[in-house]
Each structure stands twice: as structure tokens, then as C-alpha cells.
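Student: Residue numbers (my numbering): 38 to 124. Structure provided below as C-alpha cells; questions to follow.
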Amino acid sequence: MPNIRSAEKRMRSDAKKRITNLACISELKTLGDRLKKMAGEPAKARELAVKVISRYDRAVSRGIIPRGRADRKKSRIAKFLSGLKSA
């Protein structure tokens, strides 16, 4: 346990940030799973893909995930969409 007051405050704020960050990461995983299940509905999948990519960009801007990871995931989403037959 920290002895310094500022370190105690840092621990409290880190705990709050951790909860928020985990919620964001969980949402990204859920959206990705939902996108995979929409393989049979290309129009809806493309609509959801826009939302997922936007969420990845937002997570990067907030410093929750690294830029490279977001780019890799977005690239895989684009590859997945290109493999779908157009509606």
C-alpha cells in the first residue's frame, strides 16, 4: 500500500479507469462477435462494421488500446466484409 497521499489517490483513479477501460474492451469484443454472426446478412454486417470501426478509433484516441491493434482489427473487419456476398 502506498504511504503518500498522491499515490493513494492515483490508486483510486487507476481503479476507476480500469473499470471503464475493461467495459470498453468488452464492448469491442461483443461487437466483433456480433459482426461475425451477421455473415448471412451482408447489408446489416456492413452497417455494424461502421460502428465497430468507429468504436476502435475512439478506443485508440482515449488510449485504451494501441493503434496497431486497432488497425489490425479494422483490417480484418474489412477483409471479412470483402468476403461477404453483396446483398
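Using N, Cα and C, we set each Cβ at its ideal position, and we do this for glycine too.
(1) For Leu59, count neighbouring C-beta atoms within 10 Å of its own C-beta (all shown protein chains included) and say buried if the count is 16 or more, exposed if not.
(2) Do three or more CB pairs link the region 77–90 to the region 40–50 at distances below 8 Å?
(3) Quick check: the region 67–85 against the region 95–103, are at least 3 beta-carbon pairs closer than 8 Å?
(4) Over what stretch of residues does the alpha helix (DSSP H) that includes Gly120 continue unbroken?
(5) If you run the structure through DSSP and keep just helix, strand and coil, what is Ile56?
(6) Measuring CB to CB, does Lys111 end up less than 8 Å from Tyr93?
(7) To which residues of the same chain is Leu65 closer than 7 Å at the C-beta, ignoring the five residues directly before and after it?
(8) Helix, strand or coil for Gly100, going by three-state DSSP, please let me know.
(9) Can you tell me which of the three DSSP states Met38 falls into?
Tutor: Once the coordinates are examined:
(1) Residue mapping note: residue 59 aligns to position 22 of the sequence shown, counting from 1. It counts as exposed.
(2) A contact between stretches requires three or more CB pairs, one per stretch, nearer than 8 Å, and the region 77–90 fails this requirement with the region 40–50.
(3) With the cut-off at 8 Å, the region 95–103 and the region 67–85 do not touch.
(4) Your numbering for residue 120 matches position 83 in the sequence shown. Arg104 to Gly120 is the extent of the alpha helix (DSSP H) around Gly120.
(5) The sequence position of residue 56 within the sequence shown is 19, counting from 1. In this structure, Ile56 counts as helix in the three-state DSSP scheme.
(6) Sequence index remark: in the sequence shown, residue 111 carries index 74 (1-based). Sequence index remark: in the sequence shown, residue 93 carries index 56 (1-based). Yes, they are a contact pair.
(7) Indexing the sequence shown from 1 puts residue 65 at position 28. The beta carbon of Leu65 sits closer than 7 Å to the beta carbons of Arg92, Tyr93 and Ala96 from its chain, once the five residues preceding and following it are set aside; these are given in chain order.
(8) To locate residue 100, count along the sequence shown from 1; it is residue 63. If DSSP states are grouped into helix, strand and coil, Gly100 belongs with coil.
(9) As a working mapping, residue 38 is identified with position 1 in the sequence shown. Annotated three-state conformation of Met38 is coil, per DSSP.
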